[in-house]
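Trainee:
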Amino acid sequence: MTEHRFYGDLAPWWPLISPAEQYAEEAAFAATLLGDDTRTVLELGSGGGHMAVHLKKQFEITLVDLAPGMLEQSRKINPELPHHQGDMRDVRLGRTFDAVFIHDAIGYMITEDDLRRALETAAVHASKVVIIPDATTEIFEPDTDHGGVDGDDGRAARYLSWTYAGDGNTVKTDYAFLLREADAGAGTDVTVAHETHVNGLFPRDTWLRLLRQQGFKTADAVTEETSDGRTPRICFVARKTD
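Be aware that the sequence shown starts at 1, since it is given in full-length UniProt numbering, and climbs by one per residue.
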């Protein structure tokens with residue numbers, strides 16, 4: 001996967017670009033999919049820990065992410081949780097969990113082989129997996145979004161994202177970031193950054209087929225419950241037992 005400034009030198013801005021508070025509803029829905037019979041959870045592609053900060057209230061969470069900068073941010077808000085640097089396609093922790101959870105980072109699996117390898121990692125570590133991708137082929141729509149907040153430390157960030165169809169089975173998102181340091185005067189010394197992210201896009205049947213190939217006997221597509229004004233995501237819940 002391509003290295004992105006978003007997850008590198010810009011990672012300290014993540015709490016202002018996408019505040020953890022905004023993940024509460026998504027995390028609550030993810031918790032219902034993980035279920036009351038789940039205690040230990042491995043989150044692959046955990047990013048800045050903004051889902052984990054909510055999920056840890058109910059589960060024992062272990063976090064894995066590829067980007068050291070994002071792990072550093074996550075440790076600030078989840079200091080009590082185990083953090084590991086690794087690629088979801090090949091990381092092996094040498095233990096098992098009740099469930100594996102993967103949020104939108106699964107989108108960086110661009111090829112079907114990438115996706116297969118990530119699901120293999122899930123199968124190695126747990127008998128249940130819950131995945132919430134940003135989109136499947138059936139529901140994808142071009143989109144624009146914006147956000148960002150002012151921080152208590154005096155810094156401020158704003159972003160604009162533009163998502164559209166890429167080549168083949170890919171989706172591209174262009175991000176523009178406006179970043180103001182704490183010691184900058186209002187409206188001055190704003191840093192501008194831009195980068196393009198490429199994600200893979202797969203139909204529901206491909207997800208279900210690959211999950212079953214990894215030994216998950218039951219694999220279901222579940223429509224997300226959300227109050228956001230957007231198309232609900234298609235989520236996947238798979239188990240090795242019937």
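Positions of the beta carbon are idealized from the N, C-alpha and C atoms, including for glycine.
(1) Three-state secondary structure (DSSP) at R209?
(2) Taking the C-alpha atoms as reference points, what is the distance between D153 and P15?
(3) Is it the case that the Cβ atoms of E138 and R180 are separated by a distance below 8 Å?
(4) Is A165 helix, strand or coil when you go by DSSP?
(5) One question on the structure: do V149 and P19 come within less than 8 Å of each other, judged by their Cβ atoms?
(6) One question on the structure: do Q73 and G49 come within less than 8 Å of each other, judged by their Cβ atoms?
(7) Count the C-beta pairs between the segment 229-237 and the segment 125-135 that are closer than 8 Å, then say yes if the count reaches three, no if not.
(8) On the DSSP bridge assignment, give the partners of L71 in chain order.
(9) Can the beta-carbon of L81 be found closer than 8 Å to that of K57?
(10) Under 6 Å Cβ to Cβ from W207, same chain only, skipping five residues before and after it: list those, please.
(11) Beta-carbon separation of E43 and L63 under 8 Å?
(12) Going straight from the alpha carbon of P12 to that of G151, what length do you get?
(13) Count the other CB atoms within 10 Å of the CB of S227; is the residue buried (16 or more) or exposed (fewer)?
(14) According to DSSP, Y159 sits in a beta bridge with which residue or residues?
(15) Can you tell me the Cα-Cα spacing of H103 and D183, whole angstroms?
(16) Can you tell which of F177, P68, L201 has its C-alpha closest to the C-alpha of Y7?
(17) Rounded to whole angstroms, how far is the Cβ of D98 from the Cβ of R39, which I believe are closer than 8 Å?
(18) Based on the DSSP output, what are the partners of E60 in its beta bridges?
Mentor: The structure says:
(1) In the structure shown, R209 falls within a helical segment according to DSSP collapsed to helix, strand and coil.
(2) Going from the Cα of D153 to the Cα of P15 covers about 11 Å.
(3) It is not a contact, given that the beta carbons lie outside the stated cut-off.
(4) If DSSP states are grouped into helix, strand and coil, A165 belongs with the strands.
(5) P19 sits close to V149, with the two beta carbons spaced by under 8 Å.
(6) Yes, these two residues count as a Cβ contact at 8 Å.
(7) The segment 229-237 vs the segment 125-135: in contact.
(8) Checking the DSSP bridge columns, you'll see L71 has no partner listed.
(9) No, these two residues do not count as a Cβ contact at 8 Å.
(10) Result list for W207: F236, in chain order.
(11) In contact: E43 and L63 (Cβ atoms closer than 8 Å).
(12) Using only the alpha carbons, I get a separation of about 12 Å.
(13) With fewer than 16 other Cβ atoms within 10 Å, it is exposed.
(14) Note: Y159 sits in a beta bridge opposite G147, F177.
(15) Cα to Cα, the separation comes out at about 35 Å.
(16) Looking at F177, P68, L201, the one whose alpha-carbon comes closest to that of Y7 is P68.
(17) With a contact defined as Cβ atoms closer than 8 Å, D98 and R39 qualify at about 5 Å.
(18) Answer is T40.
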